[in-house]
Amino acid sequence: MAQTISTSKKELEAIFDAKFNSISNTVVEMNDLMKFFNTSFEEVKIKVSNLENKIDEVTKENDFLKQESLKLSKENAKLVNVTNILSKEINDIQQYQQRDCCEITGLLVLPGENTNELVKKVGSLMDLELTDEDISVSHRLPKNEASYSSRLSDGSRKKLAGKTTKALILAEY
């Protein structure tokens, strides 16, 4: 019986050693895997940390750009307002400069014509008595494809002294 026990003991030790080696190998493999996972996890942590830093930088830059955009939008609104005011003032000045201008169209071009006389004749047809003193300058407008050859204008230089716009408009009707 002692021999069976010793054989059994040797067999058990062999079985135990085989199982233990198998388990030991598995533990070593698991330990290696844990080291790999730990290394990978640390790399991921570093990358996440870098990404968080970049996100913080981008967020700060975005906040700055939002403020800058808001500032530029306000400045743009002010400039649009100033531009509108200046455009109105330019228009007012242009209207003021042309307050005594008149353009007459539909008159035939005659050789050697006197445009001042044509203006006075048109005025008389409107029951206006115009003199040479009422007209500072009169001339034909230059020809181009968009204009008629029969346009007569005094440009912005004709002065109808003593004649109001209301009188001229009423005279047309």
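To convert, count from 1 in the sequence shown and add 1; that's our numbering. Every residue gets a Cβ at the ideal spot worked out from N, C-alpha and C, and that includes glycine.
Look at D133 and N117 and say whether their C-beta atoms are less than 9 angstroms apart. Taking the sequence shown and counting its residues from 1, one reaches residue 133 at position 132. Taking the sequence shown and counting its residues from 1, one reaches residue 117 at position 116. Against a cut-off of 9 angstroms, the Cβ pair of N117 and D133 comes out as a contact.
Whole angstroms are fine: how far does the CA of L52 sit from the CA of V59? Counting from 1 along the sequence shown, the entry for residue 59 is found at position 58. Counting from 1 along the sequence shown, the entry for residue 52 is found at position 51. One C-alpha to the other measures close to 10 angstroms.
Given this structure, state the Cα-to-Cα distance separating E77 from D64, to the nearest angstrom. Position 76 of the sequence shown, counted from the start, is the residue given in the question as residue 77. Position 63 of the sequence shown, counted from the start, is the residue given in the question as residue 64. The question names Glu, but residue 77 in the sequence shown is Asn. Approximately 20 angstroms between the Cα atoms of the pair.
Given a cut-off of 9 angstroms, decide if L108 and L126 are closer than it, judged by their beta-carbon atoms. As a working mapping, residue 126 is identified with position 125 in the sequence shown. As a working mapping, residue 108 is identified with position 107 in the sequence shown. No.
In chain order, which alpha helix (DSSP H) runs of at least 4 residues are fully inside the stretch 52 to 101? none
Nearest-angstrom Cα separation, counted from K67 out to N32: Within the sequence shown, numbered from 1, the residue matching residue 32 stands at position 31. Within the sequence shown, numbered from 1, the residue matching residue 67 stands at position 66. For N32 and K67, the distance between alpha carbons rounds to 51 angstroms.
Exposure of G113, with buried meaning 16 or more beta-carbon neighbours within 10 Å: Sequence index remark: in the sequence shown, residue 113 carries index 112 (1-based). Exposed, since its Cβ has fewer than 16 Cβ neighbours within 10 Å.
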